[in-house]
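Participant: Sharing a structure here in structure tokens format.
In the working numbering, the protein residues as written are 3 to 203.
Spelled out as structure tokens, the structure:
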């Protein structure tokens with residue numbers, strides 16, 4: 003991927019990546035959100051998804067996201083099957099939007115939850131939103147009403163956040179409260195300005 007101005011934003015489930023993404027938008031960054039793209043792309047492929055997983059994930063002619071989620075997070079092979087189908091479609095749309103944003107000649111964000119788990123991306127800078135696994139688990143249990151076991155299963159479906167932390171070019175720590183996170187965002191913006199001296203963000 004030869005996009006000079008792209009900065010990947012990634013992290014683990016329930017580390018607060020969506021919150022960080024929204025905050026960066028409010029500071030003037032353009033954001034390409036892979037999750038949003040996935041939600042746009044998936045409903046366009048009902049027949050393909052039914053062919054892959056059967057009618058157990060189809061409800062009234064549409065994809066039952068809850069049933070599909072339960073299936074793929076309980077079976078690694080099924081998850082890999084969905085990823086193999088969906089990721090190329092998402093990647094294609096991300097690249098299309100990157101082409102448009104590169105023309106602005108300023109840094110922008112590609113929000114990719116599974117950046118380290120995916121092939122086909124080779125961005126120069128990767129920012130990781132971090133929260134320790136016990137915080138991830140607690141947030142998932144509250145947000146999704148998961149049991150501890152269900153929350154852990156979702157966490158285990160991704161590369162560990164501690165491993166992602168090591169791979170980061172910049173770490174945004176979201177282990178504490180919003181005030182602390184705001185200070186982390188300020189540090190990130192200062193980091194970006196250090197690379198892009200002309201940047202008005």
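Heads up, the beta-carbon is just placed ideally off N, CA and C, and yes, glycines get one too. For clarity, every value in this text was computed on a predicted model and none was experimentally measured.
Could you check the C-alpha separation between residue 121 and residue 67 for me, to the nearest Å?
Facilitator: Indexing the chain shown from 1 puts residue 121 at position 119. Indexing the chain shown from 1 puts residue 67 at position 65. Each residue's Cα considered, the two are about 24 Å apart.
Participant: Can you have a look at residue 107 and say buried or exposed, based on whether 16 or more other CB atoms are within 10 angstroms of its CB?
Facilitator: Within the chain shown, numbered from 1, the residue matching residue 107 stands at position 105. Exposed, because fewer than 16 other Cβ atoms sit within 10 Å of the Cβ of residue 107.
Participant: At which residue ranges does the stretch 40 to 120 contain complete alpha helix (DSSP H) runs of 4 or more residues, listed in the order of the chain?
Facilitator: 48 to 55, 67 to 76 and 78 to 104
Participant: Can you tell me where the alpha helix (DSSP H) with residue 158 in it begins and where it stops?
Facilitator: Residue 158 sits at position 156 when you count from the first residue of the chain shown. From DSSP, the alpha helix (DSSP H) with residue 158 extends over 150 to 158.
Participant: Give a yes or no on whether the C-beta atoms belonging to residue 85 and residue 133 are separated by under 8 Å.
Facilitator: By 1-based counting over the chain shown, the position of residue 85 is 83. By 1-based counting over the chain shown, the position of residue 133 is 131. Not closer than 8 Å, so no.
Participant: Mind checking who residue 175 pairs with in its DSSP beta bridge?
Facilitator: Against the chain shown, residue 175 aligns to sequence position 173. BP columns for residue 175 point to 132.
Participant: Would you call the stretch 24 to 41 in contact with the stretch 53 to 64, where contact means no fewer than 3 C-beta pairs closer than 8 Å?
Facilitator: Short answer: they don't touch.
Participant: Would you check if the distance between the CB atom of residue 9 and the CB atom of residue 125 is smaller than 8 Å?
Facilitator: Against the chain shown, residue 9 aligns to sequence position 7. Against the chain shown, residue 125 aligns to sequence position 123. Cβ atoms of residue 9 and residue 125: closer than 8 Å.
Participant: Taking residue 264 and residue 91 to be in contact with their CB atoms under 8 Å, please state how far apart those CB atoms are, rounded to whole angstroms.
Facilitator: Because the chain spans 3 through 203 in this model, residue 264 falls outside it and cannot be assessed.
Participant: Which same chain residues end up closer than 8 Å to residue 81 when comparing Cβ atoms and leaving out the 5 residues on each side of it in sequence?
Facilitator: Translated into the one-based positions of the chain shown, residue 81 becomes position 79. Excluding sequence positions up to five before and after residue 81, its CB lies within less than 8 Å of the CB of 74, 75 and 159, all in the same chain and listed in chain order.
Participant: Inspect the beta-carbon positions of residue 209 and residue 94 and report whether they are closer than 8 Å.
Facilitator: Outside the shown range of the chain, which is 3 to 203, sits residue 209, and nothing can be said about it.
Participant: Would residue 131 be called buried (16 or more neighbouring beta carbons within 10 Å of its own) or exposed?
Facilitator: Counted from its first residue, the chain shown places residue 131 at position 129. By the 10 Å Cβ count, residue 131 comes out buried.
Participant: Tell me, please, which residues DSSP counts as bridged to residue 12.
Facilitator: What you label residue 12 is simply residue 10 of the chain shown in a count that begins at 1. DSSP output for residue 12 lists 130 as bridge partner(s).
Participant: Assuming residue 210 contacts residue 110 under a Cβ cut-off of 8 Å, what Cβ separation, rounded to an integer in Å, is found between them?
Facilitator: In the structure as shown, the chain begins at 3 and stops at 203. Residue 210 is therefore absent and cannot be evaluated.
Participant: Give every residue of the same chain whose Cβ lies closer than 6 Å to the Cβ of residue 114, excluding the five residues on either side of it in the sequence, and list them in chain order.
Facilitator: Your numbering for residue 114 matches position 112 in the chain shown. The residues are 10, 12 and 36.
Participant: Could you say which of 6, 14 and 7 lies nearest to residue 165 if we only look at CA atoms?
Facilitator: The sequence position of residue 165 within the chain shown is 163, counting from 1. The shortest Cα separation from residue 165 among 6, 14 and 7 belongs to 14.
Participant: Check whether the Cβ atoms of residue 262 and residue 186 sit closer than 8 Å, and answer yes or no.
Facilitator: Residue 262 lies beyond the range of the chain shown here (3 to 203); nothing can be said about it.
Participant: Alpha carbon to alpha carbon, how far is residue 162 from residue 140? Give it in angstroms, no decimals.
Facilitator: As a working mapping, residue 140 is identified with position 138 in the chain shown. As a working mapping, residue 162 is identified with position 160 in the chain shown. Whole-angstrom Cα-Cα distance: 16 Å.
Participant: Do you know offhand how far residue 144's Cα is from residue 200's?
Facilitator: By one-based count along the chain shown, residue 144 stands at place 142. By one-based count along the chain shown, residue 200 stands at place 198. Residue 144 and residue 200 have their C-alpha atoms roughly 42 Å apart.
Participant: May I ask you to report which of helix, strand or coil DSSP gives residue 35?
Facilitator: Taking the first residue of the chain shown as position 1, residue 35 is located at position 33. Three-state result, residue 35: strand.
Participant: Within this structure, are the beta carbons of residue 172 and residue 148 separated by less than 8 Å?
Facilitator: Working through the chain shown from its first residue, we reach residue 172 at position 170. Working through the chain shown from its first residue, we reach residue 148 at position 146. No, the Cβ-Cβ distance between residue 172 and residue 148 is not below 8 Å.
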